[in-house]
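Below is one structure, written out as structure tokens, with a few remarks after it.
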Amino acid sequence: MDADEPLLRVRDLRVTLRTPRGPADALRGVSFALHRGETVGLIGESGSGKSLTGLALIGLLPEEAQVAGSMRFAGRELVGLAEPEWCRLRGDRIAMVFQEPMTALNPLHPVGRQIGESLRLHKGLDARAARAEALRLLERVRMPRAARRLDAWPHQLSGGQRQRVLVAIALACKPDLLIADEPTTALDATLQREVLQLIATLVREDRLALLLISHDLGLMGENVQRSMVMYGGTVVESGPTADVFRRLAHPYTRGLFAARPRIGLPRGTRLPTIPGRVPELADLPAGCPFADRCDRVTDACRAAPPPPVPVAGDSGHVARCIHLDTFA
Ligand code: ADP
Ligand code: MG
5 MDADEPLLRV RDLRVTLRTP RGPADALRGV SFALHRGETV GLIGESGSGK
55 SLTGLALIGL LPEEAQVAGS MRFAGRELVG LAEPEWCRLR GDRIAMVFQE
105 PMTALNPLHP VGRQIGESLR LHKGLDARAA RAEALRLLER VRMPRAARRL
155 DAWPHQLSGG QRQRVLVAIA LACKPDLLIA DEPTTALDAT LQREVLQLIA
205 TLVREDRLAL LLISHDLGLM GENVQRSMVM YGGTVVESGP TADVFRRLAH
255 PYTRGLFAAR PRIGLPRGTR LPTIPGRVPE LADLPAGCPF ADRCDRVTDA
305 CRAAPPPPVP VAGDSGHVAR CIHLDTFA
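Heads up: the sequence shown begins at 5 in my numbering, then just goes up one per residue.
Next up, the structure:
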């Protein structure tokens, strides 16, 4: 493998799903690279394709989904991988922290055993060694009274503690890539911050690559080096987080920031929101996916999907909008 080759390179990833209204393109040419030790955020409203991107990367798309394009991971093509090979990778080299700790954990097994399971499966540890390692992992995710929690059932833990267990499971085999899909939405604001900071710290210590999926711009700004803004199944803007958050080059990114709730506003202040809503897959326009909600739209926007245009400098900040220069 080339030394400069990123850990993950996604090229023109396309996913077609079956819907009640016929086959629909849910991902429409997603491309990005992720290096070891790099943290990248995927931002966007609900329905923009963030979770599908994560699921594609861990081989958990709906069975009937059609996948095209390329996902090269550690020198290996993931598109078209057979299920037994996915099983070897999943939980071992690529791990995921899901949004809903109550459904992601098995209610019938103590959490220590659930943490040890992938160590037994992927690393061949016996029950005793797996239990010892599970304890170490619970301590690492700062579980209070970790030794006693090994034999606890999920329902005996608080939401924050369950989320810590999921992080422990994801990190158990020291994966190369961690995907965290809205890992904190079930938690209150203080716990959200704590769990995300924990994930960020552990990712840094293990030099993992992190793909963090969230619609919370504040949490994103604090936790990832690069950001990708997703809409209508494509990445409409991406670059170093500081640049993306400062420039807000794409009209959709601007709308997202204007619509975010802020602390300190007088009660009852009306938030400017993006008019319209995320279209259903079958209703996405052929050109720019944001065309129907954009106040700068022209006929040319609807003709073809806009190519990525460099925003400023050579930091890799790009946006898919043909009117960028008119906003400066
Ligand atoms: P996000 O995570 O950004 O909220 P998703 O990736 O979950 O969005 O979904 C993107 C689009 O794909 C949405 O329009 C959603 O309704 C659709 N979708 C997701 N999963 C399925 C599925 N299993 N079958 C049909 N459509 C789906
Ligand atoms: Mg989602």
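A virtual CB, placed ideally from N, CA and C, is assigned to each residue, including glycine.
In this structure, the ligand ADP has a non-hydrogen atom nearer than 7 angstroms to the beta-carbon of E284.
Under DSSP, M232 forms a beta bridge with L46, S242.
When secondary structure is reduced to three states using DSSP, P255 falls in the helix class.
Fewer than three pairs of CB atoms, one per stretch, sit closer than 8 angstroms, so the stretch 241-252 makes no contact with the stretch 292-303. The stretch 55-75 makes no contact with the stretch 194-206, as fewer than three CB pairs between them are under 8 angstroms.
Contiguous beta strand (DSSP E) elements confined to the stretch 75-134 occur at 98-101, taking only those with 3 or more residues. In the three-state reduction of the DSSP assignment, V145 falls in the coil class.
When only Cα atoms are considered, L202 and V145 end up about 7 angstroms apart.
By the neighbour-count definition (other C-beta atoms within 10 Å, threshold 16), L223 is a buried residue.
Shortest Cα-Cα distance from L212 to any of L142, E42, R22, P111 involves E42. Where R211 is concerned, there is no enclosing alpha helix (DSSP H), because DSSP gives it neither an H nor an E.
If you draw a straight line from the Cα of G259 to the Cα of K127, it comes to about 46 angstroms. Spanning the alpha carbons of A108 and R300 requires a straight line of approximately 42 angstroms. The beta-carbon separation of L61 and I183, rounded to 6 angstroms, stays under the 8 angstroms limit for a contact. According to DSSP, R152 shares a beta bridge with no other residue.
For M234 and R132, the gap between their C-alpha atoms comes out near 44 angstroms. For P158, the three-state secondary structure derived from DSSP is helix.
When only Cα atoms are considered, R80 and A28 end up about 28 angstroms apart. Selection E89, G243, E284, I98 evaluated against A323 yields G243 as nearest (Cα-Cα). Proximity to R168 across S319, L142, L181, H327 peaks at L142, based on C-alpha coordinates. A Cβ-Cβ distance of about 7 angstroms is found for the pair P309 and C292, placing them in contact under the 8 angstroms criterion. Taken through DSSP and simplified to helix, strand or coil, L200 comes out as helix.
Taking a 10 Å sphere around the C-beta of R94, we find 16 or more other C-beta atoms and assign the residue as buried. For V171, the secondary structure class from DSSP, reduced to helix, strand or coil, is helix.
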